[in-house]
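Down below is the structure, laid out as structure tokens.
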Amino acid sequence: MARKSVAEIIASADVEEGRHLSKTLGATSITAMGIGAIIGAGIFVLTGTAAAQFAGPAITLSFILGGIACAFVGLCYSELAAMLPVCGSSYTYTYATLGELFAWIIGWDLILEYAMGAATVAVGWSGYIVSLLRNVGIDIPPTLAAAPGTIVKLADGSTVTGVINLPAVVIIAILTTLLVLGTKESARLNNVMVAVKLTVVVAFIAIGLFFIKPEHWHPFIPANTGQFGSFGMSGILRGSAVVFFAFIGFDAVSTAAQEARQPQRDMPIGILGSLVICTVLYILVAAVLTGLVPYTELNVPDPIAKGVDTIGLTWFAILIKIGALTGLTTVILVLLYGQSRIFFTMSQDGLLPHFFAKVHLRLHTPYLSQILIGTVVAIVSALTPIGVLGEMVSIGTLFAFVLVCGAVIYLRRSDSEAARPFRAPGVPVVPVLGILFCLLLMVGLPLVTWLRLVVWLVIGMVIYLSYGRNHSVLRHPERKHT
């Protein structure tokens, strides 16, 4: 099984002049990038669905379970991101451990995770912008804000069928343009949006605490309905697997290693810092939300807005919707960014066509791959309802995390002398626990989600065997892009 050594990966990061990615990101920007990705769909969209369908008020326990799993995985990511300060995330880490075939599998899996994740969040963004504009007297025709075949219920009780989700296309187009213009500009905007979002989230917690009705927390763990994952202890597990979609932020952060000014210091700070901050906020928001609204009423696309509506402060409801839009925007921004960097690295390795690695001479961004990704995500978000996309992204994320934890164990043995500016504590116990927690959450997902993952991976294998293997730079050094 062909694999890259740690030394080869670090050396290959010093690519030819004109293809360098600018080193413009510090620890603060990287932490903000992680917060921008983590706080978004989980709080503003998926919390209500998971509480209403699976866990009830015990959704707080689901977030705790997800946070514990992410803590173990985050320590592994921190070690690898500092040890291998190049873009590529778990794809690069797998290349150095399990070899090219598994690296391709994880890279193909990350395409699912990032691209479909961005499309999912764009659909949620569309729902919030439509709701906000309605508050100020502007109505977007529901047929132009929902995917084909989606049944939309109107205020008078009648229904219409969606044709296309135009708001989702608009936000993808705007953010893709921003990313093409440059990483530094994108990071500055992201920092501002994260600050606004955190202010709104903290305000929701602080004000909502005074309006909580403790009776809404009873029963805290609703009795299981007789079906696995439908409340009870299995419901907590299923809820954790669903909301795990929201924890992919620190994964995306690791793709920025090659653009960090001091990656050995900045990457661990960015990954662990954003993870701790966001997990605490998730737990608090979930507790306040289920205390404001009976969990049975939270199966809506804008659960936080529904929560503040019960408080009776119209101005605050509008503010929360603005915060939700800000939060979802930052998630889309980071996911689109991470996807293009994965393509950039895979193209450098010859597993994808050369144009994915082409960097603009003036902007220093992989503009062709960014435009292609933006186009695909826009089409998917315009034509696809949220449906099972959240679960698909979750299983793809968990699968990647399992391989990353395994990579730490492998590299401690195969490259024991390599420099490790940050060392995960308790190896191999910590990565093994990370693997076990991720597998536990994957078990909580339905069989059909597993089948979809298998189909996706089979398609990827066909592409690898027909193109990637034959153009691999590792296997055929003479084909290295020039």
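Its first residue numbered 759, the sequence shown is counted upward by one per residue in this note's numbering. We treat Cβ as the ideally placed atom computed from N, Cα and C, and that holds for glycine.
Asked, Found
"Sequence-distant residues of the same chain with beta carbon closer than 6 Å to residue 1069, five excluded per side", "969"
"Start-to-end residues for the beta strand (DSSP E) that takes in residue 918", "917-919"
"Reduced DSSP category for residue 995 - H, G, I as helix; E, B as strand; rest coil", "helix"
"CB-CB length for residue 993 against residue 812, believed under 8 Å", "4 Å"
"Residue range of the alpha helix (DSSP H) that includes residue 1079", "1072-1106"
"Counterpart residues of residue 1228 in DSSP-defined beta bridges", "Note: residue 1228 sits in no beta bridge, so no partner."
"Whole-angstrom distance between residue 869 and residue 913, CA atom to CA atom", "38 Å"
"Beta strand (DSSP E) segment containing residue 909, residue limits", "909-911"
"Secondary structure of residue 783, DSSP reduced to three states", "strand"
"Rounded Cβ spacing between residue 1152 and residue 999 (contact assumed at less than 8 Å)", "6 Å"
"Helix, strand or coil at residue 949 [DSSP, three-state]", "helix"
"Residues of its chain near residue 995, where Cβ-Cβ distance is below 6 Å and the 5 sequence neighbours each way are ignored", "1202"
"Separation of residue 807 from residue 1128, as counted between CA atoms", "31 Å"
"Inter-stretch contact (C-beta, 8 Å, three-pair minimum) for the segment 1222-1238 and the segment 1185-1198", "no"
"Whether residue 983 touches residue 810 by CB criterion (8 Å)", "no"
"Three-way DSSP call (helix, strand, coil) for residue 1018 in this model", "strand"
"Residue environment, residue 1120, which counts as buried when at least 16 other CB atoms sit within 10 Å", "exposed"
"Inter-residue Cα distance where the pair is residue 887 and residue 1026", "35 Å"
"Buried or exposed by the 16-neighbour rule on C-beta atoms within 10 Å, applied to residue 1099", "buried"
"For residue 923, the residue or residues it bridges with in DSSP", "903"
"Opening and closing residue of the alpha helix (DSSP H) in which residue 866 lies", "858-869"
"Bounding residues of the alpha helix (DSSP H) (the contiguous stretch that carries residue 881)", "875-893"
"Collapsed DSSP secondary structure at residue 1126 in the structure displayed", "helix"
"Proximity winner among 1067, 790 and 1101, relative to residue 1123 (alpha-carbon distances)", "1101"
"Presumed contact (8 Å Cβ cut-off) between residue 1064 and residue 1056, rounded CB distance", "7 Å"
"Nearest-angstrom Cα separation, counted from residue 949 out to residue 1228", "42 Å"
"Close-in-space but distant-in-sequence residues of the same chain around residue 851 (CB under 6 Å, 5 per side omitted)", "838, 1162 and 1165"
"Coil, strand or helix - residue 1221 by DSSP", "helix"
"For residue 879, the nearest candidate out of 1048, 939, 1136 and 784 (CA to CA)", "1136"
"Beta carbon of residue 890 nearer than 8 Å to that of residue 1083", "yes"
"Selection from 785, 855, 859 and 791 that minimises the alpha carbon distance to residue 1091", "791"
"Whole-angstrom distance between residue 923 and residue 905, CA atom to CA atom", "5 Å"
"For residue 1030 and residue 1177, the rounded distance between their alpha carbons", "20 Å"
"Residue 1253 classed as buried or exposed, judged by whether at least 16 other C-beta atoms fall within 10 angstroms", "Within the shown structure, residues of the chain are numbered from 759 to 1240, placing residue 1253 beyond reach of any answer."
"Residue of 1112, 930, 1214 and 946 minimising C-alpha distance to residue 1133", "930"
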